[in-house]
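A.B. asks:
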Amino acid sequence: MRGFVQTCTPYLYALMRIVLGLLFACHGAQKLFGVLGGVGEEPGATVALFSLMGLAGVIELAGGLLIAVGWFTHIAAFLASGQMAAAYFMSHAPRGFWPLQNGGEIAVVYCFVFLYIAAQGAGVLSIYSMRNRSSSS
Numbered sequence: 021m022r023g024f025v026q027t028c029t030p031y032l033y034a035l036m037r038i039v040l041g042l043l044f045a046c047h048g049a050q051k052l053f054g055v056l057g058g059v060g061e062e063p064g065a066t067v068a069l070f071s072l073m074g075l076a077g078v079i080e081l082a083g084g085l086l087i088a089v090g091w092f093t094h095i096a097a098f099l100a101s102g103q104m105a106a107a108y109f110m111s112h113a114p115r116g117f118w119p120l121q122n123g124g125e126i127a128v129v130y131c132f133v134f135l136y137i138a139a140q141g142a143g144v145l146s147i148y149s150m151r152n153r154s155s156s157s
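To convert a position in the sequence shown, counted from 1, into this note's numbering, add 20.
1. Among the candidates V144, S149 and N152, whose CA atom is the shortest distance from the CA of T27?
2. How many Å lie between R64 and T29 at the Cα?
3. Please return the same chain residues whose Cβ sits closer than 7 Å to the Cβ of N122, not counting the five positions on each side in sequence.
4. Comparing alpha-carbon positions, which option in P119, Y130 and F92 lies nearest H47?
5. Less than 8 Å between the CB atoms is what I'm expecting for G141 and T93, so what's the real figure, rounded?
6. Compare the C-alpha of V89 against each of A139, V25 and L40 and name the closest.
7. With distances taken from CA atoms, which of A97, V78 and A105 is nearest A138?
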């Protein structure tokens with residue numbers, strides 16, 4: 021079993037990177053375009069592009085897509101991690117100390133997983149790895 025898991029580890033990491041990147045991009049699309057339920061109570065609602073929430077939407081959409089496809093992954097994941105830390109401390113922490121109480125557990129998980137991705141890089145199944153493979157041939 022251990023050999024199988026070690027063989028699959030790069031692909032499982034890629035799957036995690038792709039899925040989390042796409043989920044993060046969905047949050048940005050929700051804020052910027054009002055899709056997937058929109059923002060707040062009103063379905064289809066969007067935020068102003070030149071606002072703090074608009075900037076968050078841009079980071080989420082662009083950063084999520086970059087992370088998912090594996091291009092500029094270190095930078096995109098680092099920015100996404102920082103944005104999630106800021107979102108936690110600005111929006112969730114004032115509502116209580118514990119993430120389970122203040123609704124911030126998703127922000128904390130995103131923050132630390134993106135920090136790991138920033139340290140680890142794109143890995144296999146990424147534009148970066150495919151580009152490097154084709155240029156070395």
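Every residue gets a Cβ at the ideal spot worked out from N, C-alpha and C, and that includes glycine.
C.D. replies: Taking the definition as stated:
1. For T27, the closest of V144, S149 and N152 by C-alpha to C-alpha distance is V144.
2. It is Gly, not Arg, that sits at residue 64 in the sequence shown. Taking C-alpha positions only, G64 is separated from T29 by approximately 39 Å.
3. Excluding positions up to five away in sequence, the list reads H112, A113, R115 and G116.
4. The option with the nearest alpha carbon to H47 is Y130.
5. With 8 Å as the limit, G141 and T93 qualify as a contact, their Cβ atoms being about 6 Å apart.
6. Closest by alpha carbon: L40.
7. Of A97, V78 and A105, the residue nearest in Cα terms is A97.
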